[in-house]
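> Here it is, the structure in full.
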Amino acid sequence: MNIVNILEEIEKVDGEIYERLSPRRKAMKDFFSMGGKIAAAAMPFALGSMFNKAYGQAAMPSTIIDVLQYALTLEHFEYNFYLRANAATSLPIPAGDQRNAIIMIRDSEKKHVDFLKIVLGQLNQTPVAEKTTYDFTASNTFPDIFTNYGTFLAVAQAIEDTGVRAYKGRAAELKGEKVVLTAALGIHAVEARHAAKIRYMRRLNGATNAAAPAGATTPNNLTKPWIAGSATVFNDLGVSAADGNYGGATKENNIVHAGVTITSLAGVGGNIPYSAAAEAFDEPLTKNEVLALVAPFGVS
Amino acid sequence: MENSIIKTQEISLVEEKFLDKRVQRRSFLKYAGAGAAGIALVAAGCKRSDHSSLMDEMPAAGVSFGMGDVGILNYAYALEQLEAAFYTQVINSKFGGMTATETALLTDIRDHEIAHREFFKAAITAAGATPIGNLEVNFSTIDFGNRASVLGTAKAFEDLGVAAYDGVGYLLKTDAYLVLAGKIVSVEARHAAYIRELLEVNSFLGDQVDAYSVNVSKTPLEVLAIAGTYIKTKIDPSSLPTS
């Protein structure tokens, strides 16, 4: 297989091949094909200039800007949360793997902040600023947030899971936007990786799953890397202050998707059990639901 | 007389197939865009030796995903079939030393993938379209008795699944399907993170993110070039949308 052979062969049946390969002709459509050749560090710059080419400076769709600013608002909050946690001498994060994990997530959130700021800047928008102060106790709901490691990890889990739900909730507003939707989905997946890591850390520390079957014993009663749910429990964190993080218009124990009831489908040795049906799908939160959840932390 | 009629029919049949081939090449090109990896997947672009006939140059027939959103749903259905088949075998023939926690969580993952698989089959049918048939898998390169082989393959499948969903989100035209892809891809990302942690602590992001900690995405051709190793059934992705 040889690229010259391919082009020769294609040219015989498609005289316009070289024109089709021109990046200018399909600048937006082919962005990611070309993206592979652009150094990763230069990505947001290329992304911004792509947008300017595609839309011109005046006609940037306001929905895209609004979603990007919303995402940046949440990323500022997440980054500052981990920044404060790592700096808090009163918070006993165990040295080694756990401390390193929290540092990795902090740095990952920082990269999301940087990415979104650069993209918005390239689009001639003023990126929304981080708040001067955040109230990580959420108006004293979690007074020991930076003194009790268990509280900190539980809140981190809720924040990460909420971040995943927040990106998901606005995906449809970016429909068809190859560049920005793909980037948003890419951040969405990373938030899910963070969430799974935090959940797994909590599991290893003995945290329990509030949606586990009654009477379940170790290891079947422990927090899972995915959001668990049962017919009666939508908040597997089991802290009522987080009901909104796992509830909302579409709760995390939802088992009906596109009109299909997952528990009516065949699984192993019977239909798919409720727990697996609930776990297999994460659910979105709307913009208003998310903003109401983060408001007590001083996010707006 | 009869002979010449047959001959004419044969010729028009050949022409028709030639036309087909042109169409397939065009869509392949459109599909591949400017910098496609995984070109090896599609035989149509290969230069053949002089003695090969038109028939030889025909792209190998394969399972077609269909067009538009249904095509993407069938593509996802194919990947979920692969994952579900893999974890079914993982649980049916556990590697030595699989802990109780690993057994519980790998069984969860099996059931999630089965839920995804059965969901796509039902959703495609509900949309008035035809789901692809059952794909035949080929796991001959996996040693199911060996922890490293199983978890290494699981990592590859989960990371691939995340990159695959992220890579086709922009092609979906229906809001509900786009949100559904989102509902599933974050669960695949959770699987990926967990499997990675089993292999190496704090590898939950690893090489799956770029310099801005954005998860990588892959085109269907890139994905199928990798997944194809494990799928015996021939697949023809040329009908998938490209924009």
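In the order they appear, the protein sequences are chains A and B. Just so we're aligned, residue 1 is where the first sequence starts under my numbering, counting upward by one. Just so we're aligned, residue 301 is where the second sequence starts under my numbering, counting upward by one. Don't be surprised by glycine CBs; every beta carbon is placed ideally from N, CA and C.
#1: Less than 6 Å between C-beta atoms, sequence neighbours within five positions excluded: which residues of the same chain meet that for E173 of chain A?
#2: Give the residues of chain B in contact with A101 of chain A, contact being defined as C-beta atoms less than 9 Å apart.
#3: Just to confirm the assignment: which complete alpha helix (DSSP H) runs, minimum length 4, are found wholly within the region 58–125 of chain A?
#4: Give the residues of chain B in contact with R84 of chain A, contact being defined as C-beta atoms less than 7 Å apart.
#5: Please check if any C-beta of chain B sits within less than 8 Å of the C-beta of T182 of chain A.
#6: Identify each residue in the region 458–485 of chain B for which the Cβ-Cβ distance to at least one residue of chain A is less than 9 Å, and report them in chain order.
#7: Are there 16 or more other CB atoms within 10 angstroms of the CB of N305 of chain A, so buried, or fewer, so exposed?
#8: Evaluate G186 of chain A with the Cβ neighbour count: other Cβ atoms within 10 Å of its Cβ, from every protein chain shown; 16 or more gives buried, anything less gives exposed.
#9: Assign G528 of chain B to one of three DSSP states: helix, strand, or coil.
#10: Spatial neighbours of V239 of chain A within its chain, please: C-beta separation below 8 Å, excluding the five flanking residues on both sides.
#11: Quickly, what does DSSP pair V299 of chain A with across the bridge? List them, please.
#12: Label A210 of chain A either buried or exposed according to how many other C-beta atoms from any shown protein chain fall within 10 Å of its C-beta, with 16 as the threshold for buried.
#13: In terms of residue numbering, what span does the alpha helix (DSSP H) encompassing L185 of chain A cover?
#14: Please report the Cβ distance between V468 of chain B and Y387 of chain B, rounded to the nearest whole angstrom; I am assuming they are in contact, meaning their Cβ atoms lie under 8 Å.
#15: Using a C-beta to C-beta distance shorter than 7 Å, which residues of chain B count as neighbours of A277 of chain A?
#16: Within the continuous alpha helix (DSSP H) that includes D459 of chain B, where are the two ends?
#17: Inspect the CB distances between the region 198–213 of chain A and the region 121–137 of chain A and report whether three or more fall short of 8 Å.
#18: Looking at the strands, I want to know which residues DSSP matches up with A266 of chain A.
#19: Please say whether G229 of chain A and E191 of chain A have beta carbons closer to each other than 8 Å?
#20: Please compile the residues from chain B whose C-beta is within a distance smaller than 8 Å of the C-beta of H257 of chain A.
#21: Quick one: measure Cβ to Cβ for P225 of chain A and A196 of chain A, integer angstroms, because I've assumed they're closer than 8 Å.
#22: Counting C-beta neighbours from all protein chains within 10 Å, is the total for I339 of chain B 16 or more, i.e. buried, or is it exposed?
#23: Under a Cβ-count criterion, where at least 16 other Cβ atoms within 10 Å of its own Cβ denotes burial, should R417 of chain B be classed as buried or exposed?
#24: Taking the alpha-carbon positions, what's the N392 of chain B to L499 of chain B distance?
#25: Could you give the distance in angstroms between the alpha-carbon of N148 of chain A and the alpha-carbon of E289 of chain A?
#26: With 8 Å set as the bound, which would you pick, yes or no: does the beta-carbon of D408 of chain B sit closer than that to a beta-carbon of chain A?
#27: Are there 16 or more other CB atoms within 10 angstroms of the CB of N235 of chain A, so buried, or fewer, so exposed?
#28: For a contact defined as C-beta to C-beta under 7 Å, what are the partners of P219 of chain A on chain B?
#29: Are G368 of chain B and P537 of chain B closer than 8 Å when you measure CB to CB?
#30: Can you list, in chain order, the residues of the region 515–529 of chain B whose Cβ is nearer than 9 Å to any Cβ on chain A?
#31: What did DSSP end up calling L285 of chain A once you bin it into helix, strand or coil?
#32: Within the continuous alpha helix (DSSP H) that includes S486 of chain B, where are the two ends?
#33: Starting from I409 of chain B, trace the alpha helix (DSSP H) both ways and give me its first and last residue.
#34: Starting from L382 of chain B, trace the alpha helix (DSSP H) in both directions and tell me its first and last residue.
#35: Does the beta carbon of E497 of chain B sit closer than 8 Å to a beta carbon anywhere in chain A?
#36: On the three-pair Cβ rule with 8 Å, is the region 448–458 of chain B touching the region 244–262 of chain A?
Looking at the atomic coordinates:
#1: In the first sequence, the residue the question calls residue 173 of chain A occupies position 173. Cβ within range, chain order: T63, V67.
#2: Against the first sequence, residue 101 of chain A aligns to sequence position 101. Those within 9 Å of A101 of chain A in chain B are V501, N502, F504.
#3: 62–87, 97–122
#4: As a working mapping, residue 84 of chain A is identified with position 84 in the first sequence. In chain order: nothing, as chain B lies at least about 19 Å away.
#5: Taking the first sequence and counting its residues from 1, one reaches residue 182 of chain A at position 182. Closer than 8 Å: yes.
#6: V462, A463, Y465, D466, G467, G469, Y470, L471, L472, K473, T474, D475, A476, Y477, L478, V479, L480, A481, G482, K483, I484, V485
#7: In this structure chain A extends from 1 to 300, so residue 305 of chain A is not present and cannot be described.
#8: Taking the first sequence and counting its residues from 1, the one referred to as residue 186 of chain A is at position 186. G186 of chain A comes out buried.
#9: Numbered from its first residue, the second sequence carries residue 528 of chain B at position 228. It is helical.
#10: Within the first sequence, numbered from 1, the residue matching residue 239 of chain A stands at position 239. Here the set comprises A154, A158.
#11: Indexing the first sequence from 1 puts residue 299 of chain A at position 299. V299 of chain A is not bridged to any residue.
#12: As a first step, residue 210 of chain A must be located in the first sequence, where it is residue number 210. So A210 of chain A ends up on the buried side.
#13: Here residue 185 of chain A refers to the residue found at position 185 when the first sequence is read from its first residue. Run containing L185 of chain A: 178–204, per the alpha helix (DSSP H) assignment.
#14: Locating residue 468 of chain B in the second sequence gives position 168, counting from the first residue. Locating residue 387 of chain B in the second sequence gives position 87, counting from the first residue. In fact, because the Cβ distance is near 22 Å, the residues do not count as touching under 8 Å.
#15: The sequence position of residue 277 of chain A within the first sequence is 277, counting from 1. Per Cβ cutoff of 7 Å: A415.
#16: Indexing the second sequence from 1 puts residue 459 of chain B at position 159. Per DSSP, D459 of chain B belongs to the alpha helix (DSSP H) from 447–468.
#17: no
#18: Reading the first sequence from its first residue, position 266 is the one you call residue 266 of chain A. A266 of chain A pairs with A:N271.
#19: Start at 1 with the first residue of the first sequence, and residue 191 of chain A comes out as number 191. Start at 1 with the first residue of the first sequence, and residue 229 of chain A comes out as number 229. No, Cβ-Cβ distance for E191 of chain A and G229 of chain A is not below 8 Å.
#20: Sequence index remark: in the first sequence, residue 257 of chain A carries index 257 (1-based). Those within 8 Å of H257 of chain A in chain B are F419, A423, L480, K483.
#21: One-based indexing of the first sequence puts residue 225 of chain A at position 225. One-based indexing of the first sequence puts residue 196 of chain A at position 196. That belief holds up - the Cβ atoms of P225 of chain A and A196 of chain A are roughly 4 Å apart, short of 8 Å.
#22: As a first step, residue 339 of chain B is located in the second sequence; it is residue number 39 there, counting from the start. With a pLDDT of 34 at I339 of chain B, under the threshold of 50, the modelled position of this residue cannot be trusted; read the value that follows with caution. Buried is the call here.
#23: On the second sequence, residue 417 of chain B is found 117 positions in, with the first residue counted as 1. Per the 10 Å Cβ criterion, buried.
#24: Residue mapping note: residue 392 of chain B aligns to position 92 of the second sequence, counting from 1. Residue mapping note: residue 499 of chain B aligns to position 199 of the second sequence, counting from 1. Taking the straight line from one Cα to the other gives about 21 Å.
#25: Position 148 of the first sequence, counted from the start, is the residue given in the question as residue 148 of chain A. Position 289 of the first sequence, counted from the start, is the residue given in the question as residue 289 of chain A. The alpha-carbon atoms of N148 of chain A and E289 of chain A are separated by roughly 27 Å.
#26: Position 108 of the second sequence holds residue 408 of chain B. Judged by the 8 Å Cβ criterion, D408 of chain B is in contact with chain A.
#27: Counting from one through the first sequence, the residue named residue 235 of chain A turns up at place 235. By the 10 Å Cβ count, N235 of chain A comes out buried.
#28: Working through the first sequence from its first residue, we reach residue 219 of chain A at position 219. Going along chain B in sequence order, the residues near P219 of chain A (Cβ under 7 Å) are A400, T401, A404.
#29: Taking the first residue of the second sequence as position 1, residue 368 of chain B is located at position 68. Taking the first residue of the second sequence as position 1, residue 537 of chain B is located at position 237. The answer is no: Cβ separation not under 8 Å.
#30: N515, V516, S517, T519
#31: The count along the first sequence starts at 1 and reaches residue 285 of chain A at position 285. It is coil, neither helix nor strand.
#32: Position 186 of the second sequence, counted from the start, is the residue given in the question as residue 486 of chain B. Residues 475–499.
#33: Against the second sequence, residue 409 of chain B aligns to sequence position 109. Start and end: 400–426.
#34: Your numbering for residue 382 of chain B matches position 82 in the second sequence. Looking at the DSSP string, the run of the alpha helix (DSSP H) that includes L382 of chain B is 368–392.
#35: Counting from one through the second sequence, the residue named residue 497 of chain B turns up at place 197. Judged by the 8 Å Cβ criterion, E497 of chain B is in contact with chain A.
#36: no
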